[in-house]
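2 protein chains.
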Amino acid sequence: MILFYTDDIKDGIATLPPEEARHCLQALRKQAGDTIHFVDGKGGFYEGEILEASRKKCTLNIKNEQQNYQAPGFHLHIAIAPTKNISRLEWMLEKATEFGISEVTPLLCQRSERKNIRTDRLQKIMLTAMKQSLKAYLPQLNELTSFKDFIRKNISADATNFIAHCHENEVLPHLKNAYTKGMNTTILIGPEGDFSKEEVTLALQNAYQPISLGTSRLRTETAGLAACHIVNLVNW
Amino acid sequence: MILFYTDDIKDGIATLPPEEARHCLQALRKQAGDTIHFVDGKGGFYEGEILEASRKKCTLNIKNEQQNYQAPGFHLHIAIAPTKNISRLEWMLEKATEFGISEVTPLLCQRSERKNIRTDRLQKIMLTAMKQSLKAYLPQLNELTSFKDFIRKNISADATNFIAHCHENEVLPHLKNAYTKGMNTTILIGPEGDFSKEEVTLALQNAYQPISLGTSRLRTETAGLAACHIVNLVNW
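Now the structure itself:
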């Protein structure tokens, strides 16, 4: 099944954005009268009949819709320091979208080597992955946020939050045991050089629980993906 | 910690391969008398003192060694159809090595779009990932093998084998429930267009158990990585 995306839906009529319209009409040669499937990124899964099929415009008459399509029973927020080589973060976001993730915040940490990102490019990767994996929810991608600001703002009474770090003087519980099914959670993943001592201390002071992701030394992006996969597995 | 690799070890003396020697002596400016750590890819983890440090040669006097370093208690073999875009398989092999994997066979399936691979290049990626994640076992990478040949040859009395497919008429058990801690296993992962009906039938006739990796539609390389991560998690 090929899935399209639009958030432009009014009174039973949906309009595809230009790039989606081009893919639908020019690449796949769909025509007026044909039926396609699309999602709105907010949990809506639709079946629509093509009404108008002009050069760059494609409008659809909604014939069937399902809201809260495969809604996850938990909110998973991963806050991760962007990798020096941005393609590593990009694939992590693609794979995390495939597994299932609700929200991502790129974190600016003391030891971050990369201090800027292009959220529009990252958002596009997640949008493609959402469609490819037949999901109806587009993960929320936040702007790059400093570690301190993030810890200060991300306080939620109905979530249990974790920090994955590699400071070696402690044996930490594994995320698969620390996390409980259905729990809303934010998980912090540090940069290549790990979180600083000050950052770990600040997180612990703000009720983040330290966790391990196993005995292997994992790259930043692998750690982020492992955390995402574990939460999805516990919820499966 | 920076880890080097060599399998050239005789009578307490190790010799680094040229590329490793260059990295050690030229990039990192190590000198005779310095101590470095290295692995042999077969479970040996060593500490050695540099004896000879010439232009492209680096020999080491072994001071400490540990065999069966972090030996996994199970054999995990993933047989996976190479992806059309080879970089997707490459990162899967990198990440699988980080999580822990014993053996990989690239599979040539009926619906495979890619019919050739460069095993030397893939092997190099796994070698780098082994060192980066501080492991002492280099996963065995086999040559591209046709699905039928693989099924015929890969018969082992002490393993439970699985096939992950997406044929939609069945509800399959999840790998995390079907796999038991400590079990040796081979897991088959199909190409972009999935295994053919004939391939699934042949696998089932040869005692492969069908499993699911969750409700998400995963790309080939994501499915391979998910399977690898699940087996490692169950064993953790």
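Chain order of the listed sequences is A and B. If you use the working numbering, the first sequence closes out at 236, no skipped numbers anywhere. If you use the working numbering, the second sequence closes out at 1236, no skipped numbers anywhere. Backbone N, C-alpha and C define an ideal beta-carbon position, used for all residues, glycine too. For clarity, every value in this text was computed on a predicted model and none was experimentally measured.
Check: Taking buried to mean at least 16 other C-beta atoms within 10 Å of its own C-beta, is Ala1053(B) buried or exposed?
Finding: By the 10 Å Cβ count, Ala1053(B) comes out buried.
Item checked: Touch test, the segment 142–160 of chain A against the segment 91–105 of chain A, Cβ-Cβ under 8 Å, three pairs minimum -> The segment 142–160 of chain A is in contact with the segment 91–105 of chain A.
Next item on the list: Ignore the nearest five residues each way along the sequence and tell me which others in Leu127(A)'s own chain have a CB closer than 7 Å to its CB.
Entry: Cβ-Cβ distances below 7 Å link Leu127(A) to Tyr5 and Leu138 in the same chain, with the five nearest sequence neighbours on each side left out; the list follows chain order.
Next item on the list: Output, in chain order, the set of chain A residues within a Cβ distance shorter than 9 Å of Gly1214(B).
Entry: Result: Phe99, Gly100, Asn232, Leu233 and Trp236.
Note to self: What would DSSP say about Gln110(A), mapped onto helix, strand or coil?
What the structure shows: Here Gln110(A) sits in coil by DSSP.
Check: Do the segment 82–89 of chain A and the segment 209–224 of chain A touch if we need at least three Cβ pairs shorter than 8 Å?
Finding: Below 8 Å, enough C-beta pairs join the segment 82–89 of chain A and the segment 209–224 of chain A to call them touching: three or more.
Check: In chain B, which residues lie with their C-beta within 7 Å of the C-beta of Ala226(A)?
Finding: Annotation: Cβ neighbours of Ala226(A) in chain B (cutoff 7 Å, chain order): His1229.
Next item on the list: Only counting runs of 4 or more residues, tell me where the alpha helix (DSSP H) segments fall wholly within the segment 1072–1157 of chain B, in order along the chain.
Entry: The DSSP assignment places complete alpha helix (DSSP H) segments of no fewer than 4 residues inside the segment 1072–1157 of chain B at 1086–1099, 1119–1132 and 1147–1153, in order along the chain.
Checklist line | Integer-rounded CB distance, given that Ser216(A) should sit under 8 Å from Leu1038(B) | finding: Residue 1038(B) is actually Phe in this sequence, not Leu. About 18 Å separates the two Cβ atoms, so there is no contact after all.
Checklist line | Residues within the segment 148–180 of chain A neighbouring chain B, beta-carbon criterion of under 7 Å | finding: Near chain B, meaning a CB-to-CB distance below 7 Å, the residues of the segment 148–180 of chain A are His174 and Lys176.
Next item on the list: Can you say whether Lys1095(B) is buried or exposed, counting buried as having 16 or more other CB atoms within 10 angstroms of its CB?
Entry: Buried: at least 16 other Cβ atoms inside 10 Å.
Next item on the list: Give every residue of the same chain whose Cβ lies closer than 6 Å to the Cβ of Pro210(A), excluding the five residues on either side of it in the sequence, and list them in chain order.
Entry: Only Ile163 and Leu172 meet the Cβ criterion.
Notebook entry, point to check: So, do the segment 1002–1018 of chain B and the segment 195–203 of chain A have three or more beta carbon pairs nearer to each other than 8 Å?
Noted result: Remark: fewer than three beta-carbon pairs, one from each stretch, lie closer than 8 Å, so the segment 1002–1018 of chain B and the segment 195–203 of chain A are not flagged as touching.
Note to self: Can you pull the chain B neighbours of Arg217(A), defined as C-beta to C-beta under 7 Å?
What the structure shows: What Arg217(A) touches in chain B: Ser1133 and Leu1134.
Check: From Asp1040(B), Gly1043(B), Cys1024(B) and Gln1070(B), pick the residue whose C-alpha is nearest to that of Asp1034(B); which is it?
Finding: Out of Asp1040(B), Gly1043(B), Cys1024(B) and Gln1070(B), Cys1024(B) has the C-alpha closest to the C-alpha of Asp1034(B).
Item checked: Simplified DSSP state of Thr1180(B), which is helix, strand or coil -> When DSSP states are grouped into helix, strand and coil, Thr1180(B) belongs to the coil group.
Check: What is the DSSP secondary structure of Ile1000(B), reduced to helix, strand or coil?
Finding: This structure cannot settle anything about residue 1000(B), because the visible part of chain B is limited to 1001 through 1236.
Check: What did DSSP end up calling Cys1166(B) once you bin it into helix, strand or coil?
Finding: Annotated three-state conformation of Cys1166(B) is coil, per DSSP.
Next item on the list: Report buried or exposed for Asn1154(B), applying the criterion of at least 16 other Cβ atoms within 10 angstroms of its Cβ.
Entry: It is buried - the Cβ of Asn1154(B) has at least 16 other Cβ atoms within 10 Å.
Margin query: Please list, in chain order, the residues of the segment 75–104 of chain A that have any C-beta partner in chain B closer than 7 Å.
Written below: Flagged, chain order: Trp91, Lys95, Glu98, Phe99 and Gly100.
Check: Does Gln70(A) get closer than 8 Å to chain B when you measure Cβ to Cβ?
Finding: Yes - at least one Cβ of chain B is within 8 Å of the one on Gln70(A).
Check: Which chain B residues sit within Cβ distance under 9 Å of Thr222(A)?
Finding: Result: Glu1094, Lys1095, Glu1098, Phe1099 and Ser1133.
Margin query: DSSP has Tyr1069(B) in a bridge; who is on the other side?
Written below: Partner(s): none; Tyr1069(B) has no beta bridge.
Check: CA-CA distance, Arg1022(B) and Ile1050(B)?
Finding: If I take the Cα positions, the gap works out to 13 Å.
Note to self: Contact defined as beta carbons within less than 8 Å: I believe Asn235(A) pairs with Gly43(A). What is the distance between those atoms, to the nearest angstrom?
What the structure shows: For Asn235(A) against Gly43(A), the beta-carbon gap comes to about 17 Å, at or over 8 Å, which does not count as contact.
Checklist line | Range of the contiguous beta strand (DSSP E) that encloses Leu188(A) | finding: DSSP places Leu188(A) inside the beta strand (DSSP E), whose first and last residues are Thr185 to Ile189.
Check: Looking only at C-alpha atoms, which of Leu1233(B), Thr1160(B) and Ile1230(B) sits nearest to Leu1204(B)?
Finding: The candidate whose alpha carbon is nearest that of Leu1204(B) is Thr1160(B).
Notebook entry, point to check: Exposed or buried, which one is Ser112(A) when buried takes at least 16 other CB atoms within 10 Å?
Noted result: By the 10 Å Cβ count, Ser112(A) comes out buried.
Notebook entry, point to check: Gly48(A) by DSSP, collapsed to three states: which one?
Noted result: Taken through DSSP and simplified to helix, strand or coil, Gly48(A) comes out as strand.
Margin query: With DSSP as the reference, identify every bridge partner of Cys1058(B), one or two as the case may be.
Written below: When DSSP reads this structure, Cys1058(B) sits in a beta bridge with Ala1053(B).
Next item on the list: Note down, in chain order, each residue of its chain lying with its Cβ closer than 7 Å to the Cβ of Lys115(A), except the 5 sequence neighbours on either side.
Entry: The beta carbon of Lys115(A) is closer than 7 Å to those of Leu108 in its chain, skipping five residues each way along the sequence.
Next item on the list: Identify whether Arg227(A) lies in helix, strand or coil by the three-state DSSP scheme.
Entry: The amino acid occupying residue 227(A) in the given sequence is Ala; Arg does not appear at that position. The three-state reading of DSSP puts Ala227(A) in helix, counting H, G and I together.
Notebook entry, point to check: So what does DSSP say about Val1039(B), is it helix, strand or coil?
Noted result: Here Val1039(B) sits in strand by DSSP.
Margin query: Can you give me the C-alpha to C-alpha distance between Asp1149(B) and Asn232(A), rounded to a whole angstrom?
Written below: Asp1149(B) and Asn232(A): Cα-Cα distance of roughly 35 Å.
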